[in-house]
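Chains as they are written, first to last, in our numbering: chain A, 1 to 230; chain B, 1 to 230.
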């Protein structure tokens, strides 16, 4: 699909880093927009729409103590800047612990990658069991960008069990039961991103999905051999 | 082993709930003590000794926001009291979220169970690769309580790979690389407690160890069948 691409007016202090652009189809009528395919979810399930926007464009929320956490939920493309460039925005990476810097840098992605991830996550959302049905123009848009929508068939990317849309509503201590998961946690692009159960995403941890599968296979082999399973 | 059992003088506000007692052998000479077998570690590796005491006797530190967290790291036997009894100690369980209450109640254990767990964890510690060698009286004590010490052979209870004593020193963001793990997270007794890698303990989550093995076996079966492993 060819996008309109008209620059969008944002008042973000980071506007100079990446120009946000209209993601509607080229030659569209009506106003420009960045997330046109989220229109239905924004009215029926605003928390889901907000999660898709947030997870696709922002670094992870810091779960550690705020003092050493560095910027919490910052635009992913801001993390592409050098330490010197970030300093001009008041972000002193040198003051952060090395592991915090590594984590933030791992989350870096271009604006276009983030836009593609948002489309991919919305496309995945509509394929979950119990997901609402998209209006036809949203469906056409997503299918042109991401491929055919097979309603009700979405599985957790880690455990491969069905991932119900209803889980979006279940949150414990502010944590969603569904998390955005990366087959390789250090790549934020549509081929590498999907939804997973929270516990599956936690179990995968910083491993790639294939590393995780190898890891648990080793665990099972040793547990069988040592006879520890009862 | 028969323990001395003389009451120990503590100034804890919870002293009336469980009388802490001398855990030295009956008829010992010298002063009474609650953790006589931790003497060596207390001088050579005080953080390890403190961890064993803390994990055996206290509920988990709350990783969630403090407002709803309830009492953070409270004596496990205090959590055996009823809601009404706890109110007299200034702990209002009714004000906590149900999942926080459930988590705290899951950690409840008697004083004797906690003492037995502390012995078990110390016994396990001395069997880790690169662990210091216990002095002979400590070794005799632990072997009489827990069985023969096989130096250098300790494995992670979850993944069954060797668990090096050196990992105690590695901490990320204040989190130890070794965690106390429970085969059944709702039972705190020596048959059920061991050390595990932090990532293994996190992956097991609230499942029993057998549930975890069944879970990852299902994941691998589905990943193979769907052909998702590359």
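C-beta atoms are modelled at their ideal positions from N, C-alpha and C, and glycine is treated no differently.
Residue i to residue j, Cα distance in whole Å?
i	j	result
residue 178/A	residue 168/A	6 Å
residue 79/B	residue 95/B	15 Å
residue 251/A	residue 146/A	The requested residue 251/A is not part of the displayed model; chain A covers only 1 to 230.
residue 185/A	residue 191/A	12 Å
residue 15/B	residue 9/B	9 Å
residue 12/B	residue 97/B	27 Å
residue 103/A	residue 55/A	15 Å
residue 189/A	residue 58/A	13 Å
residue 220/B	residue 131/A	27 Å
residue 86/A	residue 112/B	55 Å
residue 158/A	residue 92/B	40 Å
residue 114/A	residue 209/A	21 Å
residue 31/A	residue 127/A	28 Å
residue 76/B	residue 107/B	6 Å
residue 82/A	residue 120/A	28 Å
residue 138/B	residue 73/B	28 Å
residue 84/B	residue 205/A	40 Å
residue 212/A	residue 211/B	18 Å
residue 218/B	residue 29/B	56 Å
residue 17/B	residue 60/B	19 Å
residue 196/B	residue 170/A	30 Å
residue 156/A	residue 214/B	17 Å
residue 150/A	residue 89/B	57 Å
residue 34/B	residue 42/B	13 Å
residue 105/A	residue 148/B	48 Å
At the 9 Å Cβ level, is residue i part of the contact set with chain A, yes or no?
i	result
residue 216/B	yes
residue 222/B	yes
residue 161/B	yes
residue 199/B	yes
residue 219/B	yes
residue 48/B	no
Quick check: is the beta carbon of residue i nearer than 9 Å to any beta carbon in chain B?
i	result
residue 105/A	no
residue 66/A	Low confidence applies to residue 66/A: its pLDDT is 47, below 50, so where it sits in the model is not reliable enough to give any reading.
residue 202/A	yes
residue 205/A	yes
residue 167/A	no
residue 108/A	no
residue 213/A	yes
residue 91/A	no
residue 226/A	yes
residue 230/A	Note that residue 230/A scores 49 on pLDDT, short of 50, meaning its location in the model is unreliable and no value can be drawn from it.
residue 193/A	no
residue 155/A	yes
residue 158/A	yes
residue 95/A	no
Residue range of the alpha helix (DSSP H) that residue i falls in?
i	result
residue 42/B	39 to 44
residue 136/B	136 to 146
residue 122/A	111 to 125
residue 224/A	209 to 226
residue 170/B	Premise fails: residue 170/B is in no alpha helix (DSSP H) and is neither H nor E.
residue 85/A	83 to 88
residue 196/B	Where residue 196/B is concerned, there is no enclosing alpha helix (DSSP H), although the beta strand (DSSP E) it sits in stretches over 193 to 197.
residue 99/B	98 to 106
CB-CB under 8 Å to residue i, same chain, minus the five flanking residues each way: which ones, in chain order?
i	result
residue 63/A	Residue placement at residue 63/A is poorly supported in this model, since its pLDDT is 45, which falls under 50; the coordinates are not used for a value here.
residue 38/A	49, 52, 53, 118, 122
residue 44/A	132
Given a cut-off of 9 Å, decide if residue j and residue i are closer than it, judged by their beta-carbon atoms.
i	j	result
residue 180/B	residue 154/B	no
residue 36/B	residue 141/B	yes
residue 183/B	residue 194/B	yes
residue 226/A	residue 216/B	no
residue 223/A	residue 160/B	yes
Counting only the same chain and skipping the five closest in sequence on each side, list residues whose C-beta sits under 6 Å from that of residue i.
i	result
residue 129/A	152, 162, 164
residue 201/B	179, 181
residue 3/A	23
residue 135/A	40
residue 144/A	1
residue 109/B	76, 188
Starting from the C-beta of residue i, find all residues in its chain whose C-beta is less than 7 Å away, skip the five residues before and the five after it, and write them out in chain order.
i	result
residue 7/B	19, 21
residue 176/B	51, 168, 198
residue 26/B	2, 3, 4
So the beta strand (DSSP E) residue i belongs to, where does it begin and stop?
i	result
residue 179/A	178 to 182
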